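Enquirer: Chains as they are written, first to last, in the working numbering: chain A, 2 to 544; chain B, 15 to 183.
For reference, the structure I am asking about is given below.
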Amino acid sequence: MADTQFDVCVVGSGHGGGIAAYALAMAGLKVALVEAGPRLRAGIDFGRHNEPYEILEERLKAGYTSPIESLFRDRGERNHFTGVGDRPNHGLLKAVGGRSLCWAGHVLRFGPLDYQQWPMPYEQVAPYYSRVERFMGVYGHKDHLSNMPDGEFLKNVRWRCQESMLKRGVERLKKKGARMELVELRKAMLTEPHSSKRALCHFCGKCGNCCVDAKYTAANTAIPQGMRTGRLTLLSDSTMTRILMNADETKATGIEYTKTGGSTHSVSCRALVLACSTIETARQLLLYRSRRHPNGLANSSGQVGRNLTSHFGLTVVGHFPEVRGRDASHDDGTGYYHCLLTGLNWDKPNPNYEGTYQVQCGAGYTPNTFMVRDVPGYGAAFKRKLLDYNMHSAGMNMQGTLLSSPRKFIDLDESRKDRFGQALPRVHLHYEQNDLNMARDMIETCEQIIRAGGGEVIAKPRAATAENMVIDYNHWVGTARMGGDPKTSVVNPMGRSHEVKNLFLADGSVFPSYPEKNPVLTIAALAWRTSDHLAELARKGEL
Amino acid sequence: MERRELFKILGATSLAAPALSAPYQPKFFSTAEASVAERLADIILPSDASSPGAAEAGVLRYIDIVLHYASPEQKQRWKKGLAAVEADAQRRFSKPFLDCDRASQEQVLASMAENEGRRQDESGRFFEALKRLSVEAYHFSPANWQKNVRYAGHKPISEFPGCRHPNHR
Numbered sequence: 002m003a004d005t006q007f008d009v010c011v012v013g014s015g016h017g018g019g020i021a022a023y024a025l026a027m028a029g030l031k032v033a034l035v036e037a038g039p040r041l042r043a044g045i046d047f048g049r050h051n052e053p054y055e056i057l058e059e060r061l062k063a064g065y066t067s068p069i070e071s072l073f074r075d076r077g078e079r080n081h082f083t084g085v086g087d088r089p090n091h092g093l094l095k096a097v098g099g100r101s102l103c104w105a106g107h108v109l110r111f112g113p114l115d116y117q118q119w120p121m122p123y124e125q126v127a128p129y130y131s132r133v134e135r136f137m138g139v140y141g142h143k144d145h146l147s148n149m150p151d152g153e154f155l156k157n158v159r160w161r162c163q164e165s166m167l168k169r170g171v172e173r174l175k176k177k178g179a180r181m182e183l184v185e186l187r188k189a190m191l192t193e194p195h196s197s198k199r200a201l202c203h204f205c206g207k208c209g210n211c212c213v214d215a216k217y218t219a220a221n222t223a224i225p226q227g228m229r230t231g232r233l234t235l236l237s238d239s240t241m242t243r244i245l246m247n248a249d250e251t252k253a254t255g256i257e258y259t260k261t262g263g264s265t266h267s268v269s270c271r272a273l274v275l276a277c278s279t280i281e282t283a284r285q286l287l288l289y290r291s292r293r294h295p296n297g298l299a300n301s302s303g304q305v306g307r308n309l310t311s312h313f314g315l316t317v318v319g320h321f322p323e324v325r326g327r328d329a330s331h332d333d334g335t336g337y338y339h340c341l342l343t344g345l346n347w348d349k350p351n352p353n354y355e356g357t358y359q360v361q362c363g364a365g366y367t368p369n370t371f372m373v374r375d376v377p378g379y380g381a382a383f384k385r386k387l388l389d390y391n392m393h394s395a396g397m398n399m400q401g402t403l404l405s406s407p408r409k410f411i412d413l414d415e416s417r418k419d420r421f422g423q424a425l426p427r428v429h430l431h432y433e434q435n436d437l438n439m440a441r442d443m444i445e446t447c448e449q450i451i452r453a454g455g456g457e458v459i460a461k462p463r464a465a466t467a468e469n470m471v472i473d474y475n476h477w478v479g480t481a482r483m484g485g486d487p488k489t490s491v492v493n494p495m496g497r498s499h500e501v502k503n504l505f506l507a508d509g510s511v512f513p514s515y516p517e518k519n520p521v522l523t524i525a526a527l528a529w530r531t532s533d534h535l536a537e538l539a540r541k542g543e544l
Numbered sequence: 015m016e017r018r019e020l021f022k023i024l025g026a027t028s029l030a031a032p033a034l035s036a037p038y039q040p041k042f043f044s045t046a047e048a049s050v051a052e053r054l055a056d057i058i059l060p061s062d063a064s065s066p067g068a069a070e071a072g073v074l075r076y077i078d079i080v081l082h083y084a085s086p087e088q089k090q091r092w093k094k095g096l097a098a099v100e101a102d103a104q105r106r107f108s109k110p111f112l113d114c115d116r117a118s119q120e121q122v123l124a125s126m127a128e129n130e131g132r133r134q135d136e137s138g139r140f141f142e143a144l145k146r147l148s149v150e151a152y153h154f155s156p157a158n159w160q161k162n163v164r165y166a167g168h169k170p171i172s173e174f175p176g177c178r179h180p181n182h183r
């Protein structure tokens with residue numbers, strides 16, 4: 002009979018759950034890691050060097066709308082949520098490693114200014130950022146920025162000629178007083194030998210599903226290294242169907258799960274860690290209903306599902322005649338984006354809106370037809386123009402924080418059930434005027450940079466309206482925010498539930514506010530910090 | 015993973031590329047429609063001294079497969095659009111589109127492309143659909159990558175060179 006007694010049960014094996022399971026096993030605890038999806042192998046189940054024309058039919062047959070649509074989008078769970086309002090979207094990836102399999106690898110520390118709105122200062126998280134960076138293997142360049150601290154970097158990766166033009170534009174605007182910085186992007190990909198023994202990056206540009214595991218995923222580093230301790234058991238193809246509680250419902254005692262084949266099992270644990278991703282974690286808490294917990298588990302504050310936010314963006318493309326004639330034969334690099342425009346509104350808020358944004362900038366010959374969408378005409382001259390635009394342009398992809406508001410939240414859609422008869426989540430999203438104001442500024446700023454760099458703007462949204470903006474469906478955070486006050490927050494600053502003392506959350510749901518930067522590094526750092534705290538409580542017998 | 019294994023994967027991929035020499039059997043188009051669509055795409059993206067045109071690049075296969083899996087509305091737009099092209103050729107030149115000389119065929123396309131971006135009639139919308147899919151198919155084609163862009167990606171490199179031009183500052 003399979004072992005069912007564990008110290009800790011971690012549900013979800015993505016960026017948060019993978020690190021948590023590893024850190025807990027390293028701390029000497031016996032850990033079960035429960036994952037709804039199967040194991041997928043890089044280079045075999047995903048990630049081949051295939052071009053769109055080779056995989057076109059295979060992909061269309063599988064229901065994708067284009068051959069370049071992400072291979073992992075909503076794998077096996079299309080229409081997993083009900084959307085209410087302005088085009089919300091939700092990306093789930095049910096597989097060992099979760100969405101760490103398909104992430105772009107961007108690793109940006111949140112800075113001291115960002116932590117001013119959190120219940121702990123940057124300095125408390127900084128050591129965990131360092132640990133995570135060393136553990137993942139992260140390349141970057143030390144830029145000494147005030148609000149995006151440098152990390153433990155491997156050898157950096159340079160940008161391409163078109164991106165140099167953007168840098169020139171930024172430097173010229175800075176001389177006129179603009180407050181912004183263009184720096185090299187930082188990514189969790191190996192440019193030097195690393196303790197994980199993963200392969201080095203070979204710069205093929207297909208990072209979204211890296212075929213050689215040069216990019217960090219929970220599945221290629223955290224989970225196998227955790228299992229090497231002999232204390233981590235991976236239960237894949239196992240969907241959690243119920244949280245089990247003790248008689249007076251003050252503590253979690255385990256979970257019930259169903260295998261893909263249909264059989265039902267359970268595991269017992271002294272502590273439960275949920276890391277199912279922002280929307281799914283909140284949904285699991287809301288699904289628990291009893292007389293003692295009428296609004297869902299750990300939800301007497303009523304904050305579970307609230308404070309939802311994400312990133313949204315727009316794209317502007319500039320064409321730079323000056324770089325004509327450059328050698329484009331090896332443009333792939335570590336994906337389209339090699340640099341980042343940041344430092345906007347850090348020390349001086351914009352008078353027209355709250356919050357800020359960053360801009361991922363990239364170039365290179367990629368399967369992307371956006372920049373030639375609006376080129377008029379046809380014939381030989383049109384064909385030459387397409388080539389010129391493709392080869393000598395740089396794209397600026399903005400990423401701003403949606404204003405947190407009462408109109409952005411998730412709840413349960415009782416009319417739509419999953420295969421276990423449990424309500425699916427409903428994502429409510431409405432753009433605020435603040436979001437539209439920020440979008441307008443994003444477009445103007447990028448246009449200025451392109452022109453200052455000697456280029457012309459060849460593609461941009463027709464207007465800063467909801468129809469032209471895209472919500473990042475992988476960047477949702479904030480449905481179970483942390484805080485010191487149990488009346489206004491779901492977990493304490495260590496990720497521990499105020500109400501159910503052996504329940505911990507280790508994913509983006511705990512973010513109390515959201516800067517413009519990509520969430521993964523912070524999710525991983527907080528998951529490690531929460532796990533250390535949990536292990537400490539276990540040692541003291543306080544679980 | 016060992017470098018050796020990586021090269022194995024890369025090698026296998028290049029072998030898996032479709033054989034473009036064999037004539038393609040369309041799934042969505044009739045044989046006549048396929049020839050018309052291919053010619054229209056080739057007028058949008060013709061061959062010139064430096065690179066092959068859409069027909070030589072094999073865009074027909076790509077367009078046909080996309081349409082085979084497309085929505086009923088898209089399918090109907092293409093069927094009707096190609097029929098209208100045929101009717102226009104008959105009206106102007108009293109013969110099938112494919113029997114017209116290239117200059118006459120270009121006139122038929124030119125009338126669809128008039129006022130591009132501002133036209134809301136069916137003929138204008140068909141031109142936009144035709145142009146978009148032709149561009150996408152050509153953009154993704156090996157001929158474009160190899161002979162137009164002269165791109166040599168997917169060869170593993172140990173260090174990314176990046177921009178080293180002192181004048182790109």
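Just so it is clear, CB atoms sit at the ideal spot from N, CA and C, and this is done for glycine as well.
Computed from a predicted structure; not experimentally measured.
1. Could you tell me the alpha carbon to alpha carbon distance between residue 33 (chain B) and residue 157 (chain A), rounded to whole angstroms?
2. Are any of the Cβ atoms in chain A nearer than 9 Å to that of residue 178 (chain B)?
3. I need the boundaries of the beta strand (DSSP E) containing residue 398 (chain A), first residue and last residue.
4. Give me the Cα-Cα distance between residue 223 (chain A) and residue 152 (chain A), rounded to the nearest whole angstrom.
5. Can you tell me where the alpha helix (DSSP H) with residue 97 (chain B) in it begins and where it stops?
6. What whole-angstrom Cβ distance do residue 525 (chain A) and residue 133 (chain A) have, given they're in contact under 8 Å?
7. Going along the segment 154-176 of chain B in order, which residues come within less than 9 Å of chain A, judged by CB to CB distance?
8. If you measure between the beta carbons of residue 501 (chain A) and residue 279 (chain A), is that distance less than 9 Å?
9. Which full runs of the beta strand (DSSP E) of 3+ residues lie inside the segment 247-276 of chain A, going along the chain?
10. So is residue 133 (chain B) in contact with chain A if we call contact Cβ pairs under 9 Å?
11. For a contact meaning CB atoms closer than 9 Å, what does residue 62 (chain A) contact in chain B?
12. Spell out whether any CB of chain A is found under 9 Å from the CB atom of residue 145 (chain B).
13. Can the beta-carbon of residue 522 (chain A) be found closer than 9 Å to that of residue 54 (chain A)?
14. For the candidate residues A:518, A:10, A:122, A:378, whose alpha-carbon lies nearest to that of residue 258 (chain A)?
15. Report yes or no: is there a C-beta of chain B within less than 9 Å of the C-beta of residue 330 (chain A)?
16. Could you tell me which residues DSSP pairs with residue 185 (chain A) in its beta bridges?
17. Does residue 122 (chain B) get closer than 9 Å to chain A when you measure Cβ to Cβ?
18. Is it buried or exposed, residue 147 (chain A), if we count other Cβ atoms within 10 angstroms and call 16 or more buried?
19. Tell me, to the nearest whole angstrom, how far the beta carbon of residue 55 (chain B) is from that of residue 43 (chain B); I am working on the premise that it is less than 8 Å.
20. Determine whether the beta carbon atoms of residue 109 (chain A) and residue 47 (chain A) lie at a separation below 9 Å.
21. With H, G and I counted as helix, E and B as strand and the rest as coil, what does DSSP make of residue 540 (chain A)?
22. Given that residue 127 (chain B) touches chain A, what residues does it touch there, using C-beta distances under 7 Å?
23. In chain A, which residues lie with their C-beta within 8 Å of the C-beta of residue 60 (chain B)?
24. Assign residue 528 (chain A) to buried or exposed, taking buried as 16 or more other Cβ atoms, counted over all protein chains shown, within 10 Å of its Cβ.
25. Step through the CB atoms of chain B and report whether any lies within less than 9 Å of the CB of residue 204 (chain A).
26. Using a Cβ-Cβ cut-off of 9 Å, state whether residue 339 (chain A) counts as contacting chain B.
27. Report the rounded CA-to-CA distance for residue 227 (chain A) versus residue 530 (chain A), giving the unit in angstroms.
28. Determine the burial state of residue 182 (chain A): buried for a count of at least 16 other Cβ atoms within 10 Å of its Cβ, exposed for fewer.
29. With distances taken between CB atoms, is the gap from residue 573 (chain A) to residue 255 (chain A) smaller than 9 Å?
30. Is the Cβ-Cβ distance between residue 458 (chain A) and residue 239 (chain A) less than 9 Å?
31. Which one or two residues does DSSP pair with residue 319 (chain A) in a beta bridge?
32. How many angstroms separate the CA atom of residue 99 (chain B) from the CA atom of residue 322 (chain A)?
33. With a threshold of 9 Å between beta carbons, is residue 70 (chain B) in contact with chain A?
34. List the residues of chain A whose Cβ lies closer than 7 Å to the Cβ of residue 130 (chain B), in chain order.
35. Quick check on residue 137 (chain A): does DSSP put it in helix, strand or coil?
36. Residue 76 (chain B) CB to nearest chain A CB: under 9 Å?
Expert: Short version:
1. Unreliable placement is indicated for residue 33 (chain B), whose pLDDT of 46 sits below 50; no coordinate value is reported for it.
2. Output row for residue 178 (chain B): interface = yes.
3. Its beta strand (DSSP E) spans residues 394-402.
4. So the two alpha carbons sit approximately 19 Å from each other.
5. Unbroken alpha helix (DSSP H) run through residue 97 (chain B): 86-107.
6. Distance from residue 525 (chain A) to residue 133 (chain A) at the Cβ level is roughly 5 Å; contact confirmed, criterion being Cβ atoms closer than 8 Å.
7. The segment 154-176 of chain B vs chain A, Cβ under 9 Å: 154, 155, 156, 158, 159, 162, 163, 164, 165, 166, 167, 168, 169, 170, 171, 172, 173, 174, 175, 176.
8. Contact: no.
9. Taking 3 residues as the minimum length, the beta strand (DSSP E) runs contained wholly in the segment 247-276 of chain A are 253-260, 265-275, in order along the chain.
10. No, because no Cβ of chain A sits closer than 9 Å to the Cβ of residue 133 (chain B).
11. Annotation: Cβ neighbours of residue 62 (chain A) in chain B (cutoff 9 Å, chain order): 83.
12. True, the Cβ-Cβ gap to chain A drops below 9 Å.
13. No; because the gap between Cβ atoms is not below 9 Å, this pair is not in contact.
14. It is A:10 whose Cα lies nearest to the Cα of residue 258 (chain A).
15. At a cut-off of 9 Å between C-beta atoms, residue 330 (chain A) counts as an interface residue with respect to chain B.
16. In the DSSP assignment, the residues bridged to residue 185 (chain A) are A:340.
17. With 9 Å as the cut-off, residue 122 (chain B) does not count as an interface residue toward chain A.
18. Exposed.
19. Contact flag wrong, Cβ pair sits at about 12 Å.
20. With contacts defined by Cβ atoms closer than 9 Å, residue 109 (chain A) and residue 47 (chain A) do not form a contacting pair.
21. When secondary structure is reduced to three states using DSSP, residue 540 (chain A) falls in the helix class.
22. For the C-beta of residue 127 (chain B), the chain A residues within less than 7 Å are, from N- to C-terminus, 379.
23. When 8 Å is used as the limit between beta carbons, residue 60 (chain B) is near these residues of chain A: 380, 381, 384, in chain order.
24. Its Cβ being crowded by 16 or more others within 10 Å, residue 528 (chain A) is buried.
25. It does; some Cβ of chain B falls within 9 Å.
26. By this cut-off, residue 339 (chain A) is an interface position.
27. Rounded to whole angstroms, the separation of the alpha carbons of residue 530 (chain A) and residue 227 (chain A) is 16 Å.
28. Classification of residue 182 (chain A): buried, given that the 10 Å Cβ count is 16 or more.
29. Examination of residue 573 (chain A) is not possible in this model, given that chain A is present from 2 through 544 alone.
30. For residue 458 (chain A) and residue 239 (chain A), no; Cβs fall outside 9 Å.
31. Residue 319 (chain A) is bridged to A:395, A:458.
32. Between the alpha carbons of residue 99 (chain B) and residue 322 (chain A) lies a gap of roughly 37 Å.
33. No, residue 70 (chain B) does not count as interfacial toward chain A.
34. What residue 130 (chain B) touches in chain A: 377.
35. Looking at residue 137 (chain A) - three-state DSSP - the assignment turns out to be helix.
36. With a threshold of 9 Å between beta carbons, residue 76 (chain B) makes contact with chain A.
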